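K.L.:
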Amino acid sequence: MSGTASLPLHMPTGLPGFVPAAALGTACVASFILLLTFSPQVPGDTATAATLDAILLWNSLLPRAAIALIAGAALGLSGALLQRVLRNPIADASTLGIASGAQLALTLGLAVLPLLSGVSRELVAFAGGFGAVAIVLALSWRRGLDPVTVAISGMIVSLIAASLSVTLILARGEYAMSIHIWGAGALNQQDWNGVISLAPRLAAGIVAAALLLRPLNVMALDDSSARSLGVALHAVRFSILILAVWLSASVTATVGIIGFLGLAAPTIARFCGARTTGQVMTAAPLAGAAVLFLADTLTQLLGPGFSDLVPTGAATALLGGPLLLLLLPRVHGFSSVTARADTASRLLRKPAIALSLLAAALAIILALVLTLGLTDTGWSVAMGLLFSELLPFRLPRILAAGGSGAMLGAAGFVMQRVTGNPIASPEILGVSSGAGAGLTAALFLFGFSSPAIMLLGMALGSFAAFLVMIAIAGRSGFSAERLLLAGIAISAFCMAIVSMVLAQGDMRSYILLNWMSGSTNRAGAFEAWTAMIALVVLTAPLFLMIRWLTILPLGTGLSRSVGLGVLSSRLALAILAASMTAISSFLVGPLSLTGLIAPHLARLLGFRKLQHQLAAAILIGAGVLIMADWLSRIVIYPYQVPVGLFAALIGGPYLLWLLGYKERTA
1 MSGTASLPLH MPTGLPGFVP AAALGTACVA SFILLLTFSP QVPGDTATAA TLDAILLWNS
61 LLPRAAIALI AGAALGLSGA LLQRVLRNPI ADASTLGIAS GAQLALTLGL AVLPLLSGVS
121 RELVAFAGGF GAVAIVLALS WRRGLDPVTV AISGMIVSLI AASLSVTLIL ARGEYAMSIH
181 IWGAGALNQQ DWNGVISLAP RLAAGIVAAA LLLRPLNVMA LDDSSARSLG VALHAVRFSI
241 LILAVWLSAS VTATVGIIGF LGLAAPTIAR FCGARTTGQV MTAAPLAGAA VLFLADTLTQ
301 LLGPGFSDLV PTGAATALLG GPLLLLLLPR VHGFSSVTAR ADTASRLLRK PAIALSLLAA
361 ALAIILALVL TLGLTDTGWS VAMGLLFSEL LPFRLPRILA AGGSGAMLGA AGFVMQRVTG
421 NPIASPEILG VSSGAGAGLT AALFLFGFSS PAIMLLGMAL GSFAAFLVMI AIAGRSGFSA
481 ERLLLAGIAI SAFCMAIVSM VLAQGDMRSY ILLNWMSGST NRAGAFEAWT AMIALVVLTA
541 PLFLMIRWLT ILPLGTGLSR SVGLGVLSSR LALAILAASM TAISSFLVGP LSLTGLIAPH
601 LARLLGFRKL QHQLAAAILI GAGVLIMADW LSRIVIYPYQ VPVGLFAALI GGPYLLWLLG
661 YKERTA
């Protein structure tokens with residue numbers, strides 16, 4: 001890892017370190033006093049009422065405060081260990097996929113074996129978390145655990161794990177839904193068992209971290225220097241990773257996912273003046289404990305009738321997006337996906353014929369999925385009367401999937417041209433997650449609103465996310481690594497908003513779960529017509545904007561020198577891309593990665609002119625999602641895998657391959 005960036009020692013501040021630390025501590029004490037003072041009391045002055053008040057205090061309020069402090073400290077220490085051992089200022093259980101892997105393992109274990117004991121639950125969470133981080137590190141090892149590659153690999157692993165969790169939840173119904181609500185990070189306690197279980201693990205983690213303090217100090221140097229001082233790098237890294245994953249998985253098994261606290265705590269510790277490794281390892285657990293305690297107290301104070309406003313884990317996850325954006329200037333490393341946007345493996349001499357062949361292939365796929373399927377007796381080809389009977393059921397969902405795939409392909413193409421980055425797509429840049437935040441806002445403001453209101457909310461959310469992305473990328477000169485990390489930050493923030501409503505457990509949560517899974521089960525005439533009309537209306541103008549799409553990747557200065565209105569052109573393209581993303585996300589969810597795959601395949605096939613690339617991306621996107629929808633219905637027949645998840649499982653490996661792809665130099 002000699003080529004990776006070193007971890008920044010501290011964050012600059014104009015205040016002495018003790019001032020923000022004292023302010024945070026004072027806020028914690030004051031909020032807890034308010035909670036004790038104004039918390040509801042059992043009505044009446046009888047001895048029974050006093051006894052019930054004492055029971056609530058000693059068996060609910062105080063254990064909850066204690067578990068918040070202990071869990072926060074464990075996650076703070078875990079984050080500090082991960083950031084030091086990986087030399088990555090944005091490493092934590094969320095960004096490395098540990099939390100999602102642990103939740104997937106727990107969801108799988110609890111859904112299949114509901115009677116797992118507490119010890120087994122922690123072991124399952126550790127196995128899931130360690131498996132996830134092992135995949136992330138394996139993907140990033142060849143590039144020296146470069147922070148950008150680690151972050152993107154963690155995002156992919158988290159995406160796939162979250163997709164599988166949602167599928168299990170939908171398959172298991174109400175029971176697994178309760179698992180998901182718990183997994184959002186609820187600190188509610190009914191006794192001291194959680195504290196008794198987690199406190200010894202934190203104490204053991206602190207002792208182990210103290211014993212590893214010298215190797216941690218040496219690991220601030222490069223690998224060769226550390227080896228010359230006698231440190232067994234691989235053994236030490238493995239030991240520290242085991243410790244960090246064990247701490248975070250223990251918290252996940254006990255209280256659910258507490259998002260991004262491991263990222264926030266070391267950052268706050270450095271902001272408060274911690275500089276040396278020992279100081280960070282001491283201050284980070286204290287900062288984590290204070291932040292989680294304060295967040296949990298505020299969720300109780302601000303909730304109606306002192307019921308939780310949102311699960312504490314969902315509330316702390318809102319820290320993730322802003323903190324990642326704040327830390328972007330401190331993240332250095334080489335991007336593994338900086339290939340030129342116009343790279344093609346070969347040049348097609350007759351692109352019109354190739355496009356005709358793609359269209360013919362799409363027609364064949366359409367005929368295949370309309371006629372061929374599985375039944376209880378095996379494969380069946382629908383012909384004649386059977387075909388007529390099945391057509392009203394199959395055609396709408398196929399048109400919805402195909403139209404969504406085509407629009408995602410076009411939206412990904414636009415985003416890659418506007419940003420000049422071939423890895424850009426609605427899913428990677430957080431635009432699909434922005435649609436989810438818009439849908440959440442629509443459900444929160446209007447209840448069970450009409451599809452038109454939900455579509456409008458999703459379009460506004462996507463548009464806002466894309467504008468923020470363009471602004472951030474523009475400030476860094478559309479740097480590939482800044483763009484990708486900013487996309488992860490925006491996605492984290494938007495999905496935290498979704499989680500806040502998702503954890504309520506009402507019908508709005510079920511709507512959001514179905515949206516996240518990307519199911520086309522309920523696609524009917526409205527969804528089919530929406531997809532087809534939107535596809536024509538939103539993609540046709542793009543062929544008239546080829547000049548803009550050609551010039552914009554060349555940079556702002558050159559674009560203006562040739563008379564192009566950069567702001568107006570980007571705004572118009574952003575509106576089109578956001579609208580296509582919102583409608584596609586409404587129909588098939590946010591997880592497909594089709595917006596990344598389709599433009600890449602168009603270039604790899606040899607299409608060089610932009611109008612040909614755009615047309616090919618539209619055709620390929622439609623074909624990918626139609627095939628994904630068909631395969632999702634037959635792969636585990638009679639059950640169905642949601643199409644968004646199935647497409648993500650196809651696109652995820654492609655993105656992983658892209659991370660490891662190294663363009664040949666001339």
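The letter at position 524 of the sequence shown is residue 524 when you use the numbering used here, and the numbering goes up by one with no holes.
All C-beta atoms, glycine included, are put in the ideal place defined by N, C-alpha and C.
In this text, all values refer to a predicted model and were calculated from it rather than measured experimentally.
(1) Is the beta carbon of A437 sitting closer than 8 Å to the one on A249?
(2) On the three-state DSSP scale, how would you describe T520?
(3) In whole angstroms, what separates the C-alpha of V157 from that of L106?
(4) Distance check for L456 and R84, CA to CA, integer angstroms please.
(5) What span of residues does the alpha helix (DSSP H) with W630 cover, start to end?
(6) Who are the Cβ neighbours of L631 in its own chain at under 7 Å, not counting the five residues just before and after it?
(7) To the nearest angstrom, how far is the alpha carbon of S165 from that of L302?
(8) Which class does L212 belong to by DSSP, given the choice of helix, strand or coil?
(9) Specify, as a first and last residue, the run of the beta strand (DSSP E) that W379 falls within.
(10) Apart from the five residues just before and just after V566, which ones in its own chain have a Cβ nearer than 8 Å to its Cβ?
(11) Going straight from the alpha carbon of R87 to that of A274, what length do you get?
(12) Keeping to the same chain, check which residues put their C-beta closer than 6 Å to that of M281; ignore five residues upstream and five downstream.
(13) Taking Cβ positions, are P322 and A528 nearer each other than 8 Å?
(14) Would you tell me roughly how many angstroms separate the C-alpha atoms of D629 and L241, rounded to the nearest one?
(15) Label I364 either buried or exposed according to how many other C-beta atoms from any shown protein chain fall within 10 Å of its C-beta, with 16 as the threshold for buried.
(16) If I'm right that A525 touches G403 with Cβ under 8 Å, what's the distance once you round it to whole angstroms?
(17) Indicate the three-state DSSP secondary structure (helix, strand or coil) for G72 in the structure shown.
(18) Return the residue from the list L467, A199, R270, R633 that minimises the CA-CA distance to P20.
(19) Comparing alpha-carbon positions, which option in A452, I423, L286 lies nearest S579?
(20) Got a sec, what are the start and stop residues for the beta strand (DSSP E) T375 sits in?
(21) Hey, out of S153, L326, L372, L168, whose CA is closest to L108's CA?
(22) Could you give the first and the last residue of the continuous alpha helix (DSSP H) run that contains W548?
(23) Flag this pair as yes or no: are the beta carbons of A534 and I583 separated by less than 8 Å?
(24) Is it true that the segment 189-209 meets the segment 131-146, where meeting means three or more beta-carbon pairs spaced less than 8 Å apart?
(25) Straight-line CA distance for D68 to L292?
(26) Helix, strand or coil, according to DSSP, for G97 in the structure here?
(27) Identify whether T282 lies in helix, strand or coil by the three-state DSSP scheme.
(28) With 16 as the cutoff for other CB atoms within 10 Å, does N521 come out buried or exposed?
(29) State the Cα-Cα distance for the pair A648 and I160, rounded to the nearest angstrom.
(30) Quick check on C494: does DSSP put it in helix, strand or coil?
(31) Assuming the contact rule is C-beta atoms closer than 8 Å, T716 and P426 should be a hit. Round their C-beta distance to whole Å, please.
(32) Whole angstroms is fine: what's the gap from L443's alpha carbon to P653's?
(33) Once DSSP output is grouped into helix, strand and coil, what is the label at T338?
(34) Could you check what DSSP says for L318 in three-state terms: helix, strand or coil?
(35) By the three-class DSSP mapping on this structure, what secondary structure does F238 have?
(36) Report the rounded CA-to-CA distance for A66 versus P200, giving the unit in angstroms.
P.N.:
The structure says:
(1) Translated into the one-based positions of the sequence shown, residue 437 becomes position 437. Translated into the one-based positions of the sequence shown, residue 249 becomes position 249. No.
(2) Against the sequence shown, residue 520 aligns to sequence position 520. T520: coil per DSSP, three-state reduction.
(3) Working through the sequence shown from its first residue, we reach residue 157 at position 157. Working through the sequence shown from its first residue, we reach residue 106 at position 106. Their Cα atoms are separated by approximately 16 Å.
(4) Stepping through the sequence shown from its first residue, residue 84 is reached at position 84. Stepping through the sequence shown from its first residue, residue 456 is reached at position 456. C-alpha separation (whole angstroms): 44 Å.
(5) Taking the first residue of the sequence shown as 1, we reach residue 630 at position 630. Run containing W630: 610-634, per the alpha helix (DSSP H) assignment.
(6) On the sequence shown, residue 631 is found 631 positions in, with the first residue counted as 1. Within the same chain, L631 has close Cβ partners F646.
(7) In the sequence shown, residue 165 corresponds to position 165, counting from 1. In the sequence shown, residue 302 corresponds to position 302, counting from 1. Each residue's alpha carbon lies about 30 Å from the other.
(8) Numbered from its first residue, the sequence shown carries residue 212 at position 212. If DSSP states are grouped into helix, strand and coil, L212 belongs with coil.
(9) Numbered from 1 along the sequence shown, position 379 holds the residue referred to as residue 379. 378-381 is the span of the beta strand (DSSP E), which, as asked, contains W379.
(10) Looking up residue 566 in the sequence shown gives position 566. Taken in chain order, the residues that qualify are L552, T556, S559, R560.
(11) The count along the sequence shown starts at 1 and reaches residue 87 at position 87. The count along the sequence shown starts at 1 and reaches residue 274 at position 274. Taking the straight line from one Cα to the other gives about 16 Å.
(12) Taking the sequence shown and counting its residues from 1, one reaches residue 281 at position 281. A80, A209.
(13) Taking the sequence shown and counting its residues from 1, one reaches residue 322 at position 322. Taking the sequence shown and counting its residues from 1, one reaches residue 528 at position 528. For P322 and A528, no; Cβs fall outside 8 Å.
(14) Counted from its first residue, the sequence shown places residue 629 at position 629. Counted from its first residue, the sequence shown places residue 241 at position 241. Distance between the alpha carbons of D629 and L241 is about 39 Å.
(15) To locate residue 364, count along the sequence shown from 1; it is residue 364. By the 10 Å Cβ count, I364 comes out exposed.
(16) Residue mapping note: residue 525 aligns to position 525 of the sequence shown, counting from 1. Residue mapping note: residue 403 aligns to position 403 of the sequence shown, counting from 1. Incorrect: roughly 13 Å between the Cβ atoms, too far for contact.
(17) Along the sequence shown, one-based indexing puts residue 72 at 72. Of the three classes helix, strand and coil, the one that applies to G72 here is helix, per DSSP.
(18) The sequence position of residue 20 within the sequence shown is 20, counting from 1. Nearest to P20 by alpha-carbon distance, out of L467, A199, R270, R633, is R270.
(19) For the purposes of this step, residue 579 is identified with residue 579 of the sequence shown, where counting begins at 1. When only C-alpha atoms are compared, the closest one is A452.
(20) By one-based count along the sequence shown, residue 375 stands at place 375. Counting along the chain, the unbroken beta strand (DSSP E) around T375 starts and ends at 372-375.
(21) Residue mapping note: residue 108 aligns to position 108 of the sequence shown, counting from 1. Nearest C-alpha to L108: L168.
(22) Locating residue 548 in the sequence shown gives position 548, where the first residue counts as 1. 546-551 is the extent of the alpha helix (DSSP H) around W548.
(23) On the sequence shown, position 534 is the one that residue 534 refers to. On the sequence shown, position 583 is the one that residue 583 refers to. Yes. Within cutoff.
(24) no
(25) Reading the sequence shown from its first residue, position 68 is the one you call residue 68. Reading the sequence shown from its first residue, position 292 is the one you call residue 292. Correcting the residue identity first, residue 68 is Ala in this sequence and not Asp. Near 6 Å, if we compare the C-alpha coordinates of L292 and A68.
(26) Here the question's residue 97 lines up with position 97 in the sequence shown. Residue state, collapsed to three classes: coil.
(27) The residue labelled residue 282 in the question sits at position 282 within the sequence shown. Three-state DSSP puts T282 in a helix.
(28) In the sequence shown, the residue the question calls residue 521 occupies position 521. Under this definition N521 is an exposed residue.
(29) What you label residue 648 is simply residue 648 of the sequence shown in a count that begins at 1. What you label residue 160 is simply residue 160 of the sequence shown in a count that begins at 1. The alpha-carbon atoms of A648 and I160 are separated by roughly 7 Å.
(30) By 1-based counting over the sequence shown, the position of residue 494 is 494. In this structure, C494 counts as helix in the three-state DSSP scheme.
(31) Lying outside 1 to 666, the shown extent of the chain, residue 716 is not represented and no answer is given.
(32) For this step, residue 443 is matched to residue 443 along the sequence shown. For this step, residue 653 is matched to residue 653 along the sequence shown. So the two alpha carbons sit approximately 33 Å from each other.
(33) What you label residue 338 is simply residue 338 of the sequence shown in a count that begins at 1. Residue confidence for T338 is low, a pLDDT of 43 falling below 50, so the modelled location carries little weight; the figure read from the coordinates is stated next. Coil, per DSSP.
(34) For the purposes of this step, residue 318 is taken as residue 318 along the sequence shown, with counting starting at 1. Of the three classes helix, strand and coil, the one that applies to L318 here is coil, per DSSP.
(35) Taking the first residue of the sequence shown as 1, we reach residue 238 at position 238. Residue state, collapsed to three classes: helix.
(36) Mapped onto the sequence shown, residue 66 falls at position 66. Mapped onto the sequence shown, residue 200 falls at position 200. For A66 and P200, the distance between alpha carbons rounds to 13 Å.
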